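Worksheet: one structure, shown below.
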Amino acid sequence: MAGKKIKAHPKEEMVQDDRLQAIVLTDSFETRFMPLSNDKPRCLLPLANVPLLEYTLEFLAKAPVKEVYLVCSAHATLISDYIEASKWSFPWSPFKVFTIMSPEARSVGDAMRDLDNKGVIAGDFVLMSGDAVTNLDFDKFWDFHKRMHAKDKDHIVTTCLSKATQFHRTRAFEPASFILDKSDNRCLYYQEIPLPSSRVKTSVEIDPDLLEGVDEFVLRNDLIDCRIDICSPLVPAIFQENFDYQMLRSDFIKGVLSSDLLRKHVYAYITEEYAARVESWQSYDSISQDFIGRWCYPLVLDSNLMPDQTYSYESNHIYKEQGVVLAQSCKIGKCTAIGSRTKIGESALVENCVIGRNCYIGSGAVIRDSHIWDNTVIGNNSVINHSIVASGTKLGTNVVLNDGCIIGFNVVIEDGKELPRGVRVNGTPVKDSEDNAFGLSDEEDEEETPEKDNPEIAFELCGTKGRGYIYEDPLSEDEHDLPIGEEMVSGLSHRLDEVYLSDSSISSVTKSKKKRTMSTNSAYTDREEDPTEFEDEEDFGVEGVATVKRAIENNHDLDTALLELNTLRMSLNVSYHEVRTVTVVALLDRVYHFIATQTLGPKDAANKVFTRWGPMFRREAFDPDEYVDLMNIVMEQVVEQELEKGDLILFSAFNALYDSDILEEEIIYDWWSHVSKDPKFDDIKKLVAKWIEWLKEADEESSGEEEEEEESEEEEEN
Amino acid sequence: MPLPSSAQSSIATANSSDINVTIEHFIARLKRRQIDGPYAMALETLQLLKRFISQARWSHVSELIEQIRQLANRLEKAQPTAFACGNVIRRILAVVREEEEEELRSNSPQATSSSVAEPMISSMFNLLQKPEDKQQKQQQQKQQKQRSTKNRTDFRQVAIQGIKDLIDEITNIDDGIQQIAIDLIHDHEILLTPTPESKTVLKFLLKTRERSNRRFTVLVTEGFPNNTAKAHEFAKKLAQHNIETIVIPDSAVFALMSRVGKVIIGTKAVFINGGSISSTSGVSAVCECAHEFKTPVFAVAGLYKFSPLYPFDVEKFVEFGGSQKVLPQMDPEHRLDTINSITDYVPPENIDIYITNVGGFAPSFIYRIAWDNYKQIDVQLEM
């Protein structure tokens, strides 16, 4: 019978095929989805009422993938809980899903090194980010990969690029130009190009050596890089060897292509199928519209991929779930999806929207081009234009949301308020706006501090009975102060582009730091394991101190010193606690050196050393707890090294760190309230106690009196 | 026959013992549109149903029917615009129900005459009489039950035999159609087919060429945007078999229709009003045009494509495909909304005759064929 015949063939194929693995990076190590990604990991944010991660997993379900590893760092538990409850953990799931907690990872490079250490990778694997939406035919991609692999033994990565029209917007997020060998699509060179909106002219520089032996090449910048790669098992190893690789594209691909030593090849598979990544609100919006407009058929909403969905399709791209209640006079325009148990009131107008479940839309409301998530209430006669309203939000009557607003979870906005363009409001104050401050430059600290000190409800926006805190993207102001002003005028999408796409040009290191703040707990668990690796610690202690000392003596710049220290940290696999310890030891040693040679007094010496080298701690500590730990380390080490005038050194060190905004007042108070009561610290704590008292007073008093205080403080010391 | 790798995973789970896993997996594949065409879908559904029935437990046949209905409902929901799943399961349900009625009839001829028929007729006269003894009635029922348990038919066997027969029927469907259709094509006739993806149409044309050695010309419409590649492939295959083949753009149909002798269309589903769904957009326009020119339209369909549903809302039955086939990717700022239906509904008045493996029928007669094979009670599968 034909049915049996059909089934007989693939069995043989299966034997040849190794189990294919897929690595999904759920974290983008970016902050573009703030403030919403503060409460939920971005891969679980709903796009067209389906969590983003589902699109990736659906894509993999069509591929012969047997094992999927989700690499989680921020909100890792939320993701693993989600997976456990989802259909992917049922026995009929086409693959097994494993979540890998990788809290220390702060970039793609870190994640890859972590994977390599864990040894999960057996053969070729698919590497993609957890936010891709695509209807790519995996079989063709896989065939291309295998064909190239057979032809070229140096082939390590096949990357998937989707062709876009000249003016397509999704292309513009991380623009890059690829130089390909025309005959076989071998990637010869990769270079990122600046955003068109930044209006920076750029040139692509090609080393003539790269083009040796190439007959014809094409230079293309019309390709959307959807970050779906098939990699050979060599890739993690290359990351391991080149510990400074952070980004997959700008570091890894570029590095591999331009390296004379590796001589590895990267091929590009160019497809015309739909493939895009949700990497900013802007692309979120356009991909959502594409999805509703059935651009990625057969991946459509009415195939009801989530087990409890009941969407059905009506003409003009209207999708409705069962149990939608529509008033007789309401109007549902084109390209709209409405979740179940949602009620839409009389003469309301909904067009080009995605509306979640359990929503209530009052009569006379007008909603256009917006995304309304589950459980929201929108009062009568409200007007929402091109905005995102997250779950649990209540908008009163006659509220107006202008173009580009992002309303976070559980916000309440009172009747009759009008929100200006592009405002971001969140229901809870964004915690890491505090934390961010530590990692960022001085000006931002100043901007953030008032917000942190009085996390007051933004009354003028949400009303007196409202609830909501304004989220200011600290980076947007720095990066685009002028362009925004310009672009504001020039139309809707452009403007959105500018506002949303704030941090594309910030170095990877800064980006990663912010994410780091969310993984406090896991970082601690790591530390608890440390005693088992005692030997490593010992080595690291000696080596690390020597490294920092060398840096100080030769007066290296901070980056170099950190790079060396990081190398050491990774090779010996020690936690940041140790790194901080060695740095403190080395710095104190330097202070001692100054005192011993009588170049400087203890106070000046400590002040000088800690002002100059203190900023290192910014990249060794990432959240308040770790800073508290840092203070403890300083105190312990001062005692341990038995320095003379320990109290003065400790005070000066802290003061220097405080002045250079590495230590926040909050942290100092926190540390002080938990400080060890051990009598051996009593001596040196005295001066610090005074200092803290002064801090507290200064806090209360106006800033004008500060100088006076300081003088008197100094007199006391002397 | 090389299969896409997606089929591999189905095999992996097909081997596992748990029937639920197999069902869920099948549903997932339906949802992902991984099963191509009604033919493969019908066969896979039957294989699944066979396993399902062979593992099912029931105490009375009505429970079995209920279980099968539930399964059918889930499969139908998974891909509402694919009718093959629902059709074949309804066929099997009809077989089981038929057997059940048969059994009832054979077991209770006396019972019906004594206890049911008599009081019904005489009730008016016996209004004031003492009602029939309840105990006696219960006893009678008990006896009936005992009797029915004694010579209970093996419904599992019946259902599985039904499935086997149906599989045979489906795999041999093209032969049946060809035998009828060969005589319909004349020498030096010009045929037009707007459904190049239909294997039935292809085989039928090739057989006609081989057996009767008639010369005829086939015009193939291009089927933009979804089926262009398939149309070219189709034309190539015909040309290889020495049939004069011309690929024409969809827009040329009206101009050429006056010269066309017959229009032959393949179908994806046939409804009881005689309308059909075909898996290429534009078929409806071609049939409309043929109607205008009084050119006969032949629809070829296997019996398993007959669906007992009525197309009240055509939109619900037509599948809408991706937009990227119509336009290149658009800038969201200047977006055009496109609607690309990948299947098309042809109303009954534009079809002249259906050629099936059980004979040729006018569209107005289709309901009769459907009710021969389906039970009305199973049309609505939802509880």
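Chains as they are written, first to last, in full-length UniProt numbering: chain H, 1 to 718; chain Z, 1 to 383.
All residues carry an ideal CB built from backbone N, CA and C; glycine is no exception.
Predicted model, so just to flag it, every value in this text is computed and none were measured.
**Q.** Buried/exposed call for Asp-36(Z), threshold 16 Cβ in 10 Å
**A.** Looking up residue 36(Z) in the second sequence gives position 36. Exposed, by the Cβ-count rule.
To test your reading of the DSSP string, which unbroken alpha helix (DSSP H) runs of 4 or more residues are found completely within the region 325-374 of chain Z? List check, alpha helix (DSSP H) in window: 366-373.
> In chain order, what residues of the region 45-60 of chain H put their CB closer than 8 Å to some CB of chain Z?
Replying inline: Glu-58
* Are Pro-347(Z) and Gly-275(Z) close, meaning C-beta to C-beta below 8 Å? -> Here residue 347(Z) is taken as the residue at index 347 of the second sequence, counted from 1. Here residue 275(Z) is taken as the residue at index 275 of the second sequence, counted from 1. Yes, they are a contact pair.
Review point. Using 8 Å as the Cβ pair cut-off and three pairs as the minimum, do the region 235-246 of chain Z and the region 290-309 of chain Z touch?
Key: no
Q. Taking the runs of the alpha helix (DSSP H) that are 4 residues or longer, which of them lie wholly in the region 193-235 of chain Z?
A. 199-212
Compute the distance between the beta-carbons of Ser-323(Z) and Ser-281(Z), then report whether it is under 8 Å. For this step, residue 323(Z) is matched to residue 323 along the second sequence. For this step, residue 281(Z) is matched to residue 281 along the second sequence. Not a contact, by the Cβ cut-off of 8 Å.
Whole-Å CB distance - His-371(H) paired with Val-399(H), under 8 Å assumed
Residue numbering aside, residue 371(H) sits at position 371 when the first sequence is read from its first letter. Residue numbering aside, residue 399(H) sits at position 399 when the first sequence is read from its first letter. Rounded, the Cβ-Cβ distance is 16 Å, inconsistent with contact.
| field | Nearest-angstrom beta carbon gap, Val-688(H) and Phe-654(H) [assumed within contact, 8 Å] | value | Taking the first residue of the first sequence as 1, we reach residue 654(H) at position 654. Taking the first residue of the first sequence as 1, we reach residue 688(H) at position 688. The pair is a contact, with the Cβ atoms about 6 Å apart (cut-off 8 Å).
Review point. Roughly how many angstroms lie between the CA atoms of Glu-102(Z) and Trp-92(H), to the nearest whole one?
Key: Walking along the second sequence from the start, residue 102(Z) turns up at place 102. Walking along the first sequence from the start, residue 92(H) turns up at place 92. Cα to Cα, Glu-102(Z) sits roughly 39 Å from Trp-92(H).
Inset, instruction - Could you say if the region 24-40 of chain Z and the region 62-76 of chain Z meet the contact criterion of at least three C-beta pairs nearer than 8 Å? - result: yes
#### Entry: Cβ of residue 419(Z) within 8 Å of any chain H Cβ
No answer is possible for residue 419(Z): it lies beyond the span of chain Z, which begins at 1 and ends at 383.
For Arg-368(Z), count neighbouring Cβ atoms within 10 angstroms of its own Cβ and tell me buried if that reaches 16, exposed if not. Stepping through the second sequence from its first residue, residue 368(Z) is reached at position 368. Under this definition Arg-368(Z) is an exposed residue.
Check: Does the beta-carbon distance from Phe-95(H) to Val-71(H) come in below 8 Å?
Finding: On the first sequence, position 95 is the one that residue 95(H) refers to. On the first sequence, position 71 is the one that residue 71(H) refers to. Against a cut-off of 8 Å, the Cβ pair of Val-71(H) and Phe-95(H) comes out as no contact.
Count the other C-beta atoms from every protein chain shown that fall within 10 angstroms of the C-beta of Leu-643(H), then say buried if there are 16 or more, exposed otherwise. Within the first sequence, residue 643(H) is the residue found at index 643, counting from 1. Burial call: buried.
**Request:** Compare the C-beta of Gly-404(H) against all C-beta atoms of chain Z and say whether one is closer than 8 Å.
**Result:** If you number the first sequence from 1, residue 404(H) lands on position 404. Cβ-Cβ to chain Z under 8 Å: no for Gly-404(H).
Beta carbon proximity, Lys-375(Z) to chain H, threshold 8 Å:
Counting from one through the second sequence, the residue named residue 375(Z) turns up at place 375. By this cut-off, Lys-375(Z) is not an interface position.
- request: Determine contact between the region 177-195 of chain H and the region 234-241 of chain H, defined as no fewer than three beta-carbon pairs at a distance below 8 Å.
  value: no
Query - Whole-Å CB distance - Leu-64(Z) paired with Phe-155(Z), under 8 Å assumed - result: Indexing the second sequence from 1 puts residue 64(Z) at position 64. Indexing the second sequence from 1 puts residue 155(Z) at position 155. The C-beta distance from Leu-64(Z) to Phe-155(Z) rounds to 6 Å, short enough to meet the 8 Å contact threshold.
Contact set for Val-585(H): own chain, Cβ-Cβ below 7 Å, skip 5 residues either direction: Along the first sequence, one-based indexing puts residue 585(H) at 585. Result list for Val-585(H): Val-545 and Gln-637, in chain order.
Assuming Val-365(H) and Gly-345(H) make a contact with CB atoms under 8 Å, what is their CB distance in whole Å? Position 365 of the first sequence, counted from the first residue, corresponds to residue 365(H). Position 345 of the first sequence, counted from the first residue, corresponds to residue 345(H). Sequence check: residue 365(H) is Ala here, not Val. Yes, Ala-365(H) and Gly-345(H) are in contact; Cβ-Cβ is about 7 Å, under 8 Å.
Checking contacts by CB at 8 Å: is Asp-175(Z) closer than that to chain H? Working through the second sequence from its first residue, we reach residue 175(Z) at position 175. False, the Cβ-Cβ gap to chain H never drops below 8 Å.
Endpoints, the alpha helix (DSSP H) within which Asn-566(H) is located: Residue 566(H) sits at position 566 when you count from the first residue of the first sequence. Start and end: 558-572.
Report task. Given a cut-off of 8 Å, decide if Leu-136(H) and Thr-336(H) are closer than it, judged by their beta-carbon atoms. Result -> The residue labelled residue 336(H) in the question sits at position 336 within the first sequence. The residue labelled residue 136(H) in the question sits at position 136 within the first sequence. Contact: no.
Close-in-space but distant-in-sequence residues of the same chain around Pro-602(H) (CB under 6 Å, 5 per side omitted): Within the first sequence, the letter at position 602 stands for residue 602(H). Once the five neighbours on either side are set aside, the close Cβ partners of Pro-602(H) are Ile-595, Lys-645, Leu-648 and Ile-649.
Exposure of Tyr-592(H), with buried meaning 16 or more beta-carbon neighbours within 10 Å: Working through the first sequence from its first residue, we reach residue 592(H) at position 592. Buried is the call here.
Query - Assumed close pair Ile-180(Z), Gly-359(Z) - CB separation to whole angstroms, cut-off 8 Å - result: Taking the second sequence and counting its residues from 1, one reaches residue 180(Z) at position 180. Taking the second sequence and counting its residues from 1, one reaches residue 359(Z) at position 359. Contact holds; Cβ gap of about 7 Å.
TODO: Would you list, in chain order, the members of the region 297-330 of chain Z that have their beta-carbon closer than 8 Å to a beta-carbon of chain A?
DONE: The structure shown contains no chain A; its protein chains are H and Z.
Please list the partners that Ala-181(Z) has in chain H, where partner means a Cβ-to-Cβ separation under 7 Å.
-> Position 181 of the second sequence, counted from the start, is the residue given in the question as residue 181(Z). Within 7 Å Cβ-Cβ: nothing; Ala-181(Z) doesn't reach chain H, min ~21 Å.
- CB-CB under 7 Å to Ile-206(H), same chain, minus the five flanking residues each way: which ones, in chain order? Indexing the first sequence from 1 puts residue 206(H) at position 206. Same-chain partners within the cutoff: Ile-179 and Tyr-189.
| message | Excluding the 5 residues flanking Asp-369(H) on each side, which residues of the same chain have their C-beta closer than 6 Å to its C-beta? | response | The residue given as residue 369(H) occupies position 369 in the first sequence. For Asp-369(H), where only same-chain residues beyond five positions count, the Cβ hits under 6 Å are Asn-352 and His-386.
His-232(Z) CB to nearest chain H CB: under 8 Å? What you label residue 232(Z) is simply residue 232 of the second sequence in a count that begins at 1. Chain H contact via Cβ: absent.
* What did DSSP end up calling Met-128(H) once you bin it into helix, strand or coil? -> The residue labelled residue 128(H) in the question sits at position 128 within the first sequence. The answer is strand: DSSP assigns Met-128(H) an E or B state.
The region 153-173 of chain Z touching the region 52-62 of chain Z, judged by at least three CB pairs closer than 8 Å
yes
With DSSP collapsed to three states, give me the class of Lys-182(H). If you number the first sequence from 1, residue 182(H) lands on position 182. Note: Lys-182(H) maps to coil in three-state DSSP.
Point to revise | Contact between the region 265-285 of chain H and the region 146-163 of chain H (3+ Cβ pairs under 8 Å) | key: yes
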